[in-house]
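Engineer: The structure that follows is given in the form of structure tokens.
In UniProt numbering, the protein residues as written are 1 to 291.
Encoded structure:
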């Protein structure tokens with residue numbers, strides 16, 4: 001199971017998870033605070049800054065002494081001013097950098113609440129979400145999708161919305177399931193059953209509804225896989241002329257029934273491909289979001 005991002009979250013944030021997953025925090029954790037070098041390690045940052053200033057001042061004094069002994073006074077004065085200016089600008093840049101927020105921390109802080117991590121789900125919810133993610137990945141990476149044969153379904157818009165909606169509901173189910181477990185732990189009273197009974201039934205209805213939605217995604221992915229297989233078979237059939245030529249060169253007086261069947265296979269495959277794509281489109285339209 002992978003993390004789920006809300007539609008509209010920049011691709012850079014999704015790639016950031018692949019490089020620095022430790023920056024991302026679970027949904028029930030508070031929003032990360034703005035973090036800079038000063039806030040994360042003020043003592044270390046201040047010490048490093050003091051060392052830098054000491055190096056700059058010491059280096060400038062040493063350079064001034066050397067220049068005074070080897071260069072004319074006017075030239076040494078101008079060079080010392082230039083070196084001092086460079087040191088001041090560099091120091092200012094370092095100070096600004098220590099006060100700036102790391103881009104990764106900022107992205108995670110700004111996008112908090114727009115992503116859900118694997119640890120945000122219990123096992124039951126995680127299994128359903130994993131199925132949904134695999135189905136969506138199958139559809140989006142299919143050849144028929146990349147070639148635009150299913151454009152009228154608007155997979156690029158509909159499927160991320162569907163996946164995010166499913167993930168949000170599964171997250172809420174996880175929270176409520178854990179809460180019911182904590183409340184009922186070690187207790188069994190009529191009053192408690194009177195309250196938890198309807199809540200458990202409501203949760204079960206929600207789980208069934210999400211399972212049906214995931215089943216629809218699975219069926220759609222199956223239809224898309226079938227269309228992809230037919231498309232690959234059509235591509236393979238395009239090599240038919242080469243096989244005809246091969247047989248003509250190697251078996252001029254041999255059995256020609258295989259060659260004669262190529263045309264029939266091409267027509268049957270074209271019908272199969274059309275039916276497969278139409279079936280995939282029909283399955284995809286059942287997932288369309290309401291206007």
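The beta carbon of each residue, even a glycine, is placed where N, CA and C say it ideally should be.
Here the structure is a predicted model, which is why all the values come from computation and not from measurement.
Inspect the CB distances between the stretch 134-142 and the stretch 100-114 and report whether three or more fall short of 8 Å.
Structural biologist: no
Engineer: How far does the alpha helix (DSSP H) with residue 106 in it extend, from its first residue to its last?
Structural biologist: 103-111
Engineer: Pull up the CB-CB distance for residue 115 and residue 26, whole angstroms please, since I reckon it's below 8 Å.
Structural biologist: Incorrect: roughly 10 Å between the Cβ atoms, too far for contact.
Engineer: For residue 23, report the span of its alpha helix (DSSP H) as first-last.
Structural biologist: Careful: residue 23 lies outside any alpha helix (DSSP H) and carries neither H nor E.
Engineer: Do the CB positions of residue 135 and residue 217 come within less than 8 Å of each other?
Structural biologist: yes
Engineer: Give the DSSP-derived three-state secondary structure of residue 4 in the structure shown.
Structural biologist: The answer is strand: DSSP assigns residue 4 an E or B state.
Engineer: Taking 7 Å as the cut-off, does the CB of residue 81 come closer than this to any heavy atom belonging to the ligand FAD?
Structural biologist: Ligands are entirely absent from the displayed structure, and the ligand FAD is therefore not among its contents.
Engineer: Taking residue 18 as part of the alpha helix (DSSP H), name the residues at either end of that continuous run.
Structural biologist: Its alpha helix (DSSP H) spans residues 11-19.
Engineer: Below 8 Å between beta carbons: does that hold for residue 158 and residue 227?
Structural biologist: no
Engineer: Can you round the beta-carbon distance between residue 163 and residue 210 to whole angstroms, since I take them to be within the 8 Å contact cut?
Structural biologist: That belief does not hold up - the Cβ atoms of residue 163 and residue 210 are roughly 12 Å apart, past 8 Å.
Engineer: Check this for me: beta carbons of residue 231 and residue 203, under 8 Å apart or not?
Structural biologist: Contact flag unset, no.
Engineer: The alpha helix (DSSP H) with residue 123 in it runs from where to where?
Structural biologist: 123-141
Engineer: From residue 198 to residue 180, what does the alpha carbon distance come to, in whole angstroms?
Structural biologist: 11 Å
Engineer: Would residue 73 be called buried (16 or more neighbouring beta carbons within 10 Å of its own) or exposed?
Structural biologist: exposed
Engineer: If you check the beta carbons only, do residue 132 and residue 224 fall under 8 Å apart?
Structural biologist: no
Engineer: Would you kindly work out how many angstroms separate the C-alpha atoms of residue 221 and residue 15, rounded to a whole number?
Structural biologist: 25 Å
Engineer: Return the chain-ordered list of same chain residues with a C-beta closer than 7 Å to the C-beta of residue 84, the five sequence neighbours on each side being excluded.
Structural biologist: Once the five neighbours on either side are set aside, the close Cβ partners of residue 84 are 60.
Engineer: With a CB to CB cut of under 8 Å and the five nearest residues on each side skipped, what residues in its chain are close to residue 71?
Structural biologist: 79
Engineer: What do you reckon, are the CB atoms on residue 125 and residue 174 nearer than 8 Å?
Structural biologist: A contact, by the Cβ cut-off of 8 Å.
Engineer: Helix, strand or coil for residue 116 per DSSP?
Structural biologist: In this structure, residue 116 counts as strand in the three-state DSSP scheme.
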